[in-house]
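J.:
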Amino acid sequence: MRKTATAYNILCILAGLGSLTYLTVRDADHLGLYVAGIVFFSLLGVIAESQSLAIDEDKAISIAFAIDISALLLFGLTAAAWVSFCTAFFSVMDFGRGRKEHVLNTPILKSLMNASNYILSILACGLVYEKLGGRYMVDTSPQGIEASFLQIAHDLPAIFLGLIVYVLVNTLMIMFYFYFLTGPRPGLMLEWLHIFRWSVLSMILIGTLGVFLTAVYHALGFLAVLLFFAPFMLFRYAYVGFTSIRKGYIDTIKAFSAALEAKDTYTIGHARRVEKYCEIIANEMHLSADRTKVLKYASLLRDIGKIGISESILNKKDRLTDAEYEEIKKHPVIGAQMLGDIQFLKREVKIIRAHHVHYDGSGYPADAGEESKMLEAQILCVADSFDAMTSDRAYRAAMSLEEAIDELQRNAGSQFAPEAVNAFIRGLERMRSKNELHDFLKH
Numbered sequence: 001m002r003k004t005a006t007a008y009n010i011l012c013i014l015a016g017l018g019s020l021t022y023l024t025v026r027d028a029d030h031l032g033l034y035v036a037g038i039v040f041f042s043l044l045g046v047i048a049e050s051q052s053l054a055i056d057e058d059k060a061i062s063i064a065f066a067i068d069i070s071a072l073l074l075f076g077l078t079a080a081a082w083v084s085f086c087t088a089f090f091s092v093m094d095f096g097r098g099r100k101e102h103v104l105n106t107p108i109l110k111s112l113m114n115a116s117n118y119i120l121s122i123l124a125c126g127l128v129y130e131k132l133g134g135r136y137m138v139d140t141s142p143q144g145i146e147a148s149f150l151q152i153a154h155d156l157p158a159i160f161l162g163l164i165v166y167v168l169v170n171t172l173m174i175m176f177y178f179y180f181l182t183g184p185r186p187g188l189m190l191e192w193l194h195i196f197r198w199s200v201l202s203m204i205l206i207g208t209l210g211v212f213l214t215a216v217y218h219a220l221g222f223l224a225v226l227l228f229f230a231p232f233m234l235f236r237y238a239y240v241g242f243t244s245i246r247k248g249y250i251d252t253i254k255a256f257s258a259a260l261e262a263k264d265t266y267t268i269g270h271a272r273r274v275e276k277y278c279e280i281i282a283n284e285m286h287l288s289a290d291r292t293k294v295l296k297y298a299s300l301l302r303d304i305g306k307i308g309i310s311e312s313i314l315n316k317k318d319r320l321t322d323a324e325y326e327e328i329k330k331h332p333v334i335g336a337q338m339l340g341d342i343q344f345l346k347r348e349v350k351i352i353r354a355h356h357v358h359y360d361g362s363g364y365p366a367d368a369g370e371e372s373k374m375l376e377a378q379i380l381c382v383a384d385s386f387d388a389m390t391s392d393r394a395y396r397a398a399m400s401l402e403e404a405i406d407e408l409q410r411n412a413g414s415q416f417a418p419e420a421v422n423a424f425i426r427g428l429e430r431m432r433s434k435n436e437l438h439d440f441l442k443h
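First residue of the sequence shown: 1, per the working numbering; consecutive thereafter.
1) Apart from the five residues on each side of it in sequence, which residues of its chain come closer than 6 angstroms, Cβ to Cβ, to S288?
2) At which residues does the alpha helix (DSSP H) containing H194 begin and terminate?
3) Whole angstroms are fine: how far does the CA of F424 sit from the CA of T208?
4) Just verifying my parser: in three-state terms, what is the DSSP assignment at A412?
5) Taking all protein chains shown into account, do 16 or more other C-beta atoms lie within 10 angstroms of the C-beta of M137, making it buried, or fewer, making it exposed?
6) Can you name the residues that DSSP bridges to R432?
7) Are N283 and G162 touching if we call contact CB-CB under 8 angstroms?
8) Which same chain residues end up closer than 6 angstroms to A420 when comparing Cβ atoms and leaving out the 5 residues on each side of it in sequence?
9) To the nearest angstrom, report how far apart T182 and N315 are at their CA atoms.
10) Please work out which residues of its chain come closer than 6 angstroms, Cβ to Cβ, to R197, disregarding the five sequence neighbours upstream and downstream, and give them in chain order.
11) Spatial neighbours of V446 within its chain, please: CB distance less than 6 angstroms, with the 5 preceding and 5 following residues excluded, ordered by chain position.
12) Do the CB positions of S52 and M113 come within less than 8 angstroms of each other?
13) May I have the straight-line CA-CA distance separating L168 from K110, to the nearest angstrom?
14) Using the rule of at least 16 other Cβ atoms within 10 Å of the residue's Cβ for burial, across every protein chain shown, is M285 buried or exposed?
15) Per the contact definition of three or more C-beta pairs closer than 8 angstroms, is the stretch 3-13 in contact with the stretch 62-69?
16) Which two residues bound the contiguous alpha helix (DSSP H) that contains V22?
17) Once DSSP output is grouped into helix, strand and coil, what is the label at V83?
18) Touching or not, the stretch 147-156 and the stretch 39-50, by the rule of three or more beta carbon pairs under 8 angstroms?
19) Can you list, in chain order, the residues of its chain whose CB lies under 7 angstroms from that of G413, leaving out five sequence neighbours each side?
20) Hey, would you say G308 sits closer than 8 angstroms to I342, going by beta carbons?
21) Any contact of the stretch 73-82 with the stretch 10-24, i.e. 3+ C-beta pairs under 8 angstroms?
22) Report buried or exposed for K306, applying the criterion of at least 16 other Cβ atoms within 10 angstroms of its Cβ.
23) Of all the options F75, F90 and F178, which has the alpha carbon lying nearest to the alpha carbon of K3?
24) Comparing C-alpha positions only, which one of L172, R135 and I145 sits nearest to P157?
25) Exposed or buried, V357, counting other C-beta atoms within 10 Å across all chains shown (16 or more means buried)?
26) Which whole-angstrom value is the C-beta distance of I119 and S202, which I expect to be below 8 angstroms?
27) Do I164 and Y129 have their C-beta atoms closer together than 8 angstroms?
28) Is it true that the CB of S70 sits closer than 8 angstroms to the CB of Y217?
29) How would you write the range of the alpha helix (DSSP H) that V165 sits in, first residue to last?
30) Kindly indicate the opening and closing residues of the alpha helix (DSSP H) around D387.
31) DSSP beta-bridge partners for K100?
32) Compute the distance between the beta-carbons of N117 and M173, then report whether it is under 8 angstroms.
33) Whole angstroms are fine: how far does the CA of N422 sit from the CA of V39?
34) Excluding five sequence neighbours on each side, which residues of the same chain lie with their C-beta closer than 8 angstroms to the C-beta of T87?
35) Considering only the alpha carbon of each residue, which of S400, A397 and I328 lies closest to P365?
36) Considering only their Cβ atoms, is the gap separating M374 from K350 smaller than 8 angstroms?
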């Protein structure tokens, strides 16, 4: 699979760099007329891409796309291809925790593949724009900001259709890479559709910014663009402050979870294993990336309410008395109360509160209501129970894999949601067929 993915990368690189070379040779006679604009927008693009905003664990947003679109509308295909290449190839991506990626510490094939994706995407956008009658601003003389806006307004349908084609090419190239890297897998097309829908919305919004940038540059020049660009960079730093606070919340909560595992000697590693089992079920059931992320957070935090339970009960070597079991049953509600005031964990709190409610409505707490019907809570119930069954306890030995699966199947429809049980078994069997199951269960 890896060789196929590498061959695909090389093919894309040849297509991207080949197109850039062809266009440069074709337009060599007049490309020098706006080389200053290409250099200016390339520098802006590199700065903007290097300041991308991580708005989620699996999503980032950059206004560099606005600069690429502006270069296209102003100067045409060749200039836009060069700006896109420089933006992708020379930017410095900050992934947090001191990890930065740039052309000097990244495999050259990866850097060139990323740049080729940008080139081919902007060229596809530009070709659609041209075919629909779009005009480039370089062919007209500036006659004031209003005239520039009116010229662009005439071409707005072509611009927005071009933006959609850009996203289509960009996301499909990435999806095919993962297809060749990992082979066919359930949910890949749904993942692509989720990314495509989110990307179309964000790219249209950022593309609109590119339209404004085009009019400002065409009518007023370099300095006006810098003044127009500056507030967005200030917003970026304000947003980074907000995301740092959010990340601090999550890191603190994860630390609480780790502290809980240290307190309950029989659940060390339990949270991480349950998180992995939840991910298997979510993938098999084709949950969106966003719902899967929420489920994984809930799995890590689901037992945080046990911090309020006595250690003598948590670590008791004999079976619990009825009174002690009643204390244990309080932990989903305690956990929900502890996390209830954190706004961005609202969905996780609902899952945590209901993850011990059974499919048939039994279990606890008794007043879970609509929360008990959440698919994510039912998935977490299956994953949590499976890990409990396959883990040693002071009063019993762990079940074997087959015994635990039999127990899940026997209680499907009563304790467990049948669709979640079936999805989990499919996922385990898929891993078994690839000889990955043994190593997976060991960690």
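Backbone N, C-alpha and C fix where the C-beta goes; we use that ideal spot for every residue, glycine too.
No experiment lies behind these values; they were computed from the predicted model shown.
T.: So, from the data block:
1) Same-chain partners within the cutoff: H194.
2) H194 -> alpha helix (DSSP H) spans L188 to L220.
3) Taking the CA atoms as reference points, T208 sits about 44 angstroms from F424.
4) Strand at A412.
5) Per the 10 Å Cβ criterion, buried.
6) Partner(s): none; R432 has no beta bridge.
7) It is not a contact, given that the beta carbons lie outside the stated cut-off.
8) Beyond the five residues adjoining it in sequence on each side, A420 comes within less than 6 angstroms, by CB distance, of I281, Q378, I379 and V382 in the same chain, given in chain order.
9) Between the alpha carbons of T182 and N315 lies a gap of roughly 42 angstroms.
10) Same-chain partners within the cutoff: there are none.
11) Nothing can be reported for residue 446, as the shown portion of the chain is limited to 1 through 443.
12) Going by C-beta atoms, S52 is not nearer than 8 angstroms to M113.
13) About 20 angstroms.
14) In the assembly as shown, M285 is a buried residue. Its beta-carbon has 16 or more other beta-carbons within 10 Å.
15) With the cut-off at 8 angstroms, the stretch 62-69 and the stretch 3-13 do not touch.
16) The amino acid at residue 22 is misidentified as Val; the sequence shows Tyr. Unbroken alpha helix (DSSP H) run through Y22: R2 to R26.
17) Helix at V83.
18) Fewer than three Cβ pairs drawn from the stretch 147-156 and the stretch 39-50 lie within less than 8 angstroms of each other, which leaves the two stretches out of contact.
19) Excluding sequence neighbours, G413 sits near Y359.
20) It is not a contact, given that the beta carbons lie outside the stated cut-off.
21) Result yes; three or more Cβ-Cβ pairs closer than 8 angstroms.
22) Counting other Cβ atoms within 10 Å of its Cβ, K306 reaches 16 or more and is therefore classed as buried.
23) Out of F75, F90 and F178, F178 has the C-alpha closest to the C-alpha of K3.
24) With distances taken between Cα atoms, P157 lies closest to R135.
25) Around the beta carbon of V357, a 10 Å sphere encloses 16 or more other beta carbons of the protein chains shown; the residue is thus reported as buried.
26) The beta-carbon separation of I119 and S202, rounded to 20 angstroms, does not stay under the 8 angstroms limit for a contact.
27) For I164 and Y129, no; Cβs fall outside 8 angstroms.
28) Closer than 8 angstroms, so yes.
29) Start and end: L156 to T182.
30) Counted as a single uninterrupted DSSP element, the alpha helix (DSSP H) harbouring D387 occupies residues L375 to M389.
31) Within the DSSP secondary-structure output, K100 pairs in a beta bridge with D94.
32) Result yes, Cβ atoms of N117 and M173 sit closer than 8 angstroms.
33) Distance between the alpha carbons of V39 and N422 is about 56 angstroms.
34) Cβ neighbours of T87 beyond the five flanking positions: S42, G45, V46, A48, E49, A64, I67, D68 and Y118.
35) Closest by C-alpha distance to P365, out of S400, A397 and I328, is I328.
36) Against a cut-off of 8 angstroms, the Cβ pair of M374 and K350 comes out as a contact.
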